[in-house]
Every structure is written in structure tokens, then in C-alpha cells.
Amino acid sequence: MKRSKFLYKAVSVLFLIVGLGIVAVPIWYMVSTAFKPQTMVFEMPPQLWPIPSTLKNFVKAVTTDHFLLYFWNSVKVAFSATILTVLVSSMLAYAFARLTFPFKENLFYILLLGMMVPPVMLIIPQFIISHNLNLYNNLWGLILVYITMNISMQTFLLRGVFENVPRDLEEAAMIDGASPFTIFSQIILPLSGPGLAVVVINSFLYSWEEFTWANVNIADSANRTLPIGIALFQSEHLTEWGQVFSASLIALVPVIIIFLLFQRYFVQGISTTGIKG
Amino acid sequence: MSQTTRSEKKRNQILPAIIFLIPGFTLLFVFFLGPLLYSFRISFYQWNFAHPDRSVFVGLANYITQLTNPIFHRAILNTFAYTLITVSLKMVLGFFVALVLNQKIPARSFFRVAYYLPVITSWVIVSLLFMYMFSGMGGLVNYFLKDVLHVISKNIMWLADPILALIPVILVDIWKGVGWATVIFLSGLQSIPMELLEAAEVDGASPWQRLIKIILPLMRGTIVFLIVVLLLGGLNSYVPFQLITHGNPMDQTHSILTLMYRATFTRMDFGNGAAISYLLTLFVFALSIIQLKLLNKPIGE
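Here the protein sequences come in this chain order: A and B.
According to my numbering, the first sequence holds residues 766 to 1042 in order.
According to my numbering, the second sequence holds residues 293 to 593 in order.
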């Protein structure tokens, strides 16, 4: 019994290491290419670490086009969209989890509809509406659409989280005359940390990497976000792969920071959203 | 609590409810529901983007054009094949990784973070990366197949072949997606009471029996949720197709949405673009209703 258990664990670890290799190879190849001079990007056999290696790609990536501007645009868009998505969807989720109001069920179905409709199919009318509201070629056009596309799923997740907050505290507060706003901001939100962390990660990842809508809604290079900038690197510069991947690595830094900051809540947070069995 | 104060309490909730709902539903009406209906209308017109009032009503013509268009058929086939393959592999691999990661093994949290790395890497970046690895001349994959494994004798032009071009598109999705399925499975696994599994072990149930009789039935909700979300994601796939194949060669490797994008923004034919997106939505919608029915079924049925 003991021995078979040990064997089982050994096989498990081996399985994980093989998987780790599969995860690591493309990442290693991207990192090493970012440090290769252009003449070496297709050199085979690949070296574990390029010799000679160079920082030129990074310097070029940062100084070419408006890379830093794209980066700054992405920061503005992703941070605003994330904060607003957390705010708007937790307000919706609170209403659906705790308040009584007419047409509650119909409104909830409209919300669920948002999870079923493919976002890209809305692009045509969104493009027209964005023109009419003067949001075309404007970062707010990105932010507002990103929030909208995220609301349904995140509200759905948060409603599950809020429903699991014990009601005793709220009832006590209500007897003391607390308004729904006080309960929402003083009780529900502080007790839902891990669930909110999941929403932060989801919305930040989405708005940091969104490509399709940004590609449609932004015309001037001054308003481009990073995904568009990186995709253009690939097509504009006769594919200098070293430059493409050094730009990509820089683009990954904020994502990794956000992820590491919030990841310890992540698995815990997902299980509080109630999507489990 | 008496009847009057209770109904009073309910009435008191209406104003706060409106305030809580307004920001979200304003956005949903302007950028979601409005567009949804608007594009339905567009799909029946030969739409004139510059002068919408000069658009010509054409009835079902756009739909018929698409339904009889071999390129559209091919895009459907590509999208379905891609979805079927990627969803099933992500489910199976994600489940096994989660099972393994759910035990007490060395460096568990390191493995968790490492497996999640591809998930947080953006679609644009990983698509370009796989395109680069599958380069016809001297890409890493050709090198590996030719000079390390010796299974091919000359370089394969992956992106020049309508079938082979889909391989990097499929692989990138699996590579990027397994970690997410793993995390969802893990959270499901953690909701299974340990005592139940231990009791089964004491009673002499083999690991296989525990998997089939206890773990899988208790994870039904998680499994259905994952299938729903992954299927939707697969059918809506756009970026990897757009960046890796661009629909080439000869428009044989489109996904439904890259085809829609091309109709709309390359040819400025909004009517046909809207028709394509509605055809996809109809299908997704039917699928979602079936799945919601499955989701709402109480556990243990």
C-alpha cells in the first residue's frame, strides 16, 4: 500500500515535469530570441542561450514607433477598465444577490445573455455607435466596451460570492439602521476579497490583451494599445522576431506583477464564486 | 415582522436597487443590447456605412449568400473541428493536471504558477510565437522533427497548406488553455470532502473507482461550466486564426469570425458581416440553451 502510493506520487511528479517542459519550451524560445541578433533568429540548432546575446532588440523596441506611448495607453485602458469593471459588476451583483426589485428575473436574463453572445459579432454596430458617440479613435471607446463585455461574467461570479457572505452581520447592521450602501461597502465588499481578486485578474487580463476591438476602434498610432503595436511589429518590420519578442516580454511584465500579487487568492477565490459542483 | 413593515422594507429597496443597477445596465443597453438589435437589422440590408439612409433592404439575401458560399462552409468546418479538438484535449489534460496537483507533492505551488503562465500571456504574443516556431524555413518545430526525431526528410511549409496551417492554431490554444481548465478543476476538486475519499479508500476502493464513482459525479457542475465556457471560446476564436493563418492559403483557413471580419472591414460589406455573425450567434444560442438546461438540473439527478 505504502509502496504503491509512493510510486503513484513519483509518476505524478514525473508527469508534472514533462508538462512543465511543454509549457517551458515556447517561453524559453521567446525569451532567447528576444536576446538574439537578427542574423541568428533562424539559426539551427538553437542554443540554450544565444551567444553572442544582445540587448539591442529591447533598445530598438522601446525607441521604435511609439512603443512607450502604446504601453502608456494600455496602462490607462487596463487600469480604468479593471477598476470600473470591479465597481460596476459588484454593484450589479449586490443588487441581484440581496435586493428585491421588479423585473429582477428579466434583468438577470438580459445579463446572462451577455455571456452567450459572441463579442466579435457586436463589433459592427459597436463600431457605428462608437462613431456616433464620438468614441471612435478614443481610449474611452475601448474602456467602456471592455467593461460592457466583462460585466456579465464578472457579475455572475460575484453574485455567487456575495450570496455566500453570511447574512447575520447584515441583519444586525440593518437593525442598526444601515442603508444598503453601507452594507455593500462596509460588509459585503470587505468580506469578498478572494472573489474580487478573481474579478481583478480576469478584467485586467482581458483589457490588457484585447486585440480585436482595439484594432477596429483605434485609427491613429498615438492611441494604439500594446497588442496592436506588437502585431504591427510583426507585419511592419519585415518581422524582426527579436524585436517582436522583446516588445512582448516588456508587455508581459505588468501582467505577471498583477498575477503574482493576486494569485494566492486565485484558486480560493474561484471556489468562492460557486461555479464548483 | 409584520406584513406592512415587510412590504415597506421591499419598497425601500427599489431606489437603492435602481442606483446599483443603473451604471451596469446603461452600458449593457448602449454597447450590448442596442448593438445586438442593430446588427440584426443591418443583416437584412446592403448596408451603406457612410450613408446609412441609402442602405438597400435585401431581405435574406445576405444570409443566402453566406449559406451557399463554400468559403463560409469551410470556415464553419474549421471552427467546429478546432473547437472539438481543443475543448476535449483541454478538458482531459486540465483534469489530469488538476488531479495530480491536488495531492501533497513537492513544489506544488511552483507547478501551479508555472502551469498558469501561458494563460496570462496574451493571445497576440502566443499566436506570433507559435507562428514563428512553425516557420517553414528553419522554424523550431521543423528542426525538431527533421534533425532531432528524423521523422521528416525536408522542411514542412506548415502555413502554406490548408490543413497543416490549422495545427499551430490548435496547438497554441491547447498550450495556452490547459492551465485555466486546471485551475477551475482544482477549485472543484477542493470542494469534495476529504472524508468521503478517505472513507472510500478504507473500504478498499481503488483510485480508479474513487475517480469514477465519487470524484466525477461530484464535479458535474464544474465539468458542465467548463464545457460551456470553452465551447463558447472555441466557436468565437479569432486572434490565433487572424494572426497565424490570415485565412491563407486561398481563404481555406478562416474561422467564422475572421471571415466576418474580412467581409466587414476589408470589403466594407457590413450586411454580409452581420449575417455571418448572426448565423454564428444562432448556433451559439441554441447550444447555450441546452447547456443552461444541463446546468440548472439539480445535482444528483
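Don't be surprised by glycine CBs; every beta carbon is placed ideally from N, CA and C.
Within its own chain, the residues whose Cβ lies closer than 6 Å to the Cβ of SER818 of chain A, once the five positions on either side in sequence are excluded, are PHE800, listed in chain order. Residues of the segment 379–395 of chain B with a Cβ closer than 9 Å to any Cβ of chain A, in chain order: LEU385, PHE388, VAL389, LEU391, VAL392, LEU393 and GLN395.
Within the segment 516–532 of chain B, the residues whose Cβ lies closer than 8 Å to any Cβ of chain A are, in chain order, PHE517, LEU524, LEU527, ASN528, TYR530 and VAL531. Following the DSSP letters along the chain, one finds PHE387 of chain B inside the alpha helix (DSSP H) bounded by residues 362–393. GLU935 of chain A is classed as buried because its beta carbon has at least 16 other beta carbons within 10 Å across all chains shown. Around the beta carbon of GLY386 of chain B, a 10 Å sphere encloses 16 or more other beta carbons of the protein chains shown; the residue is thus reported as buried. When secondary structure is reduced to three states using DSSP, PHE349 of chain B falls in the strand class.
Under DSSP, TYR773 of chain A shares a beta bridge with no residue.
DSSP, read as helix, strand or coil, puts GLN338 of chain B in strand.
In the DSSP assignment, ILE952 of chain A falls outside any alpha helix (DSSP H), carrying neither H nor E.
By the Cβ criterion, the segment 401–412 of chain B is in contact with the segment 775–794 of chain A, since at least three pairs of Cβ atoms, one from each stretch, lie closer than 8 Å. Taking a Cβ-Cβ cut-off of 7 Å, THR371 of chain B has no neighbours in chain A, whose nearest Cβ is about 11 Å from it. Among the CB atoms of chain B, none fall inside 9 Å of the CB of LYS841 of chain A. Residue-level contact check: ALA789 of chain A touches chain B, since one or more beta carbons of chain B fall below 9 Å from its beta carbon. Secondary structure of TYR901 of chain A (DSSP, three-state): coil.
For THR850 of chain A, the uninterrupted alpha helix (DSSP H) run begins and ends at 832–863, by DSSP. Excluding five sequence positions before and after SER972 of chain A, the CB atoms of its chain that fall closer than 7 Å to its own CB belong to VAL842, ALA843, ALA846, THR847 and TYR911, given in chain order. Nearest CB-CB separation between PHE946 of chain A and chain B: below the 9 Å threshold.
The alpha-carbon of THR545 of chain B is positioned some 9 Å away from that of ILE363 of chain B.
DSSP, reduced to helix, strand and coil, places PRO931 of chain A outside both helices and strands of the structure shown, so it counts as coil. Note on geometry: alpha-carbon atoms of HIS442 of chain B and VAL433 of chain B lie some 12 Å from one another. Think of a sphere of 7 Å around the beta carbon of SER797 of chain A: no beta carbon from chain B falls inside it, the nearest being about 10 Å out. Rounded to the nearest whole angstrom, the CA to CA distance from VAL494 of chain B to LEU478 of chain B is 24 Å. For MET429 of chain B, the residues of chain A that pass the 9 Å Cβ criterion are PHE807, in the order they occur in the chain. When Cβ pairs closer than 8 Å are counted between the two stretches, the segment 355–374 of chain B is seen to touch the segment 553–568 of chain B, the count reaching three or more. Within the same chain, and ignoring the five residues on either side of GLN534 of chain B in sequence, the residues whose Cβ sits closer than 6 Å to its Cβ are THR550. Following the DSSP letters along the chain, one finds MET552 of chain B inside the alpha helix (DSSP H) bounded by residues 548–553. Selection A:TYR794, A:GLN812 and A:LEU877 evaluated against VAL520 of chain B yields A:LEU877 as nearest (Cα-Cα). When DSSP states are grouped into helix, strand and coil, HIS343 of chain B belongs to the coil group. Any Cβ of chain A closer than 9 Å to the Cβ of VAL348 of chain B would place that residue at the interface, and such an atom is absent. Residues VAL576 of the same chain have their beta carbon placed closer than 7 Å to that of LEU524 of chain B, with the five preceding and five following residues left out of the count. When secondary structure is reduced to three states using DSSP, HIS538 of chain B falls in the coil class, being assigned neither helix nor strand. Counting C-beta pairs closer than 8 Å gives fewer than three between the segment 550–559 of chain B and the segment 438–452 of chain B, which falls short of the contact rule. Taking every protein chain shown into account, the CB of ILE995 of chain A has 16 or more other CB atoms within 10 angstroms, so this residue is buried.
With a cut-off of 8 Å on Cβ pairs, the segment 957–965 of chain A is not in contact with the segment 975–992 of chain A, counting fewer than three such pairs.
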